[in-house]
Amino acid sequence: MARAKSFVTEGLRSGKLKPVIDKTFPLEDIADAQRYMEANGQVGKVVVVVE
Numbered sequence: 020m021a022r023a024k025s026f027v028t029e030g031l032r033s034g035k036l037k038p039v040i041d042k043t044f045p046l047e048d049i050a051d052a053q054r055y056m057e058a059n060g061q062v063g064k065v066v067v068v069v070e
């Protein structure tokens, strides 16, 4: 597990790994974000922004 964590951390740091963000939701729309994920239509990360 430590090796995998190191691999991902270094990949993100170096820019070789770039997460794909499919959609961003404000915290107030957390229920919409959950429904979106349950529909399995995303092609990347679903991000909930807490301000």
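Under the numbering used here, the residue at position 14 of the sequence shown is numbered 33, and the numbers go up by one with no gaps. The C-beta atom is built at its ideal place from N, Cα and C for all residues, glycine as well.
When you compare the CB positions of residue i and residue j, do they come within less than 9 Å of one another, or not?
{"i": "residue 65", "j": "residue 50", "result": "no"}
{"i": "residue 39", "j": "residue 69", "result": "no"}
{"i": "residue 67", "j": "residue 43", "result": "yes"}
Start and end of the alpha helix (DSSP H) containing residue i?
{"i": "residue 51", "result": "49-57"}
Within the continuous beta strand (DSSP E) that includes residue i, where are the two ends?
{"i": "residue 64", "result": "64-68"}
{"i": "residue 42", "result": "40-45"}
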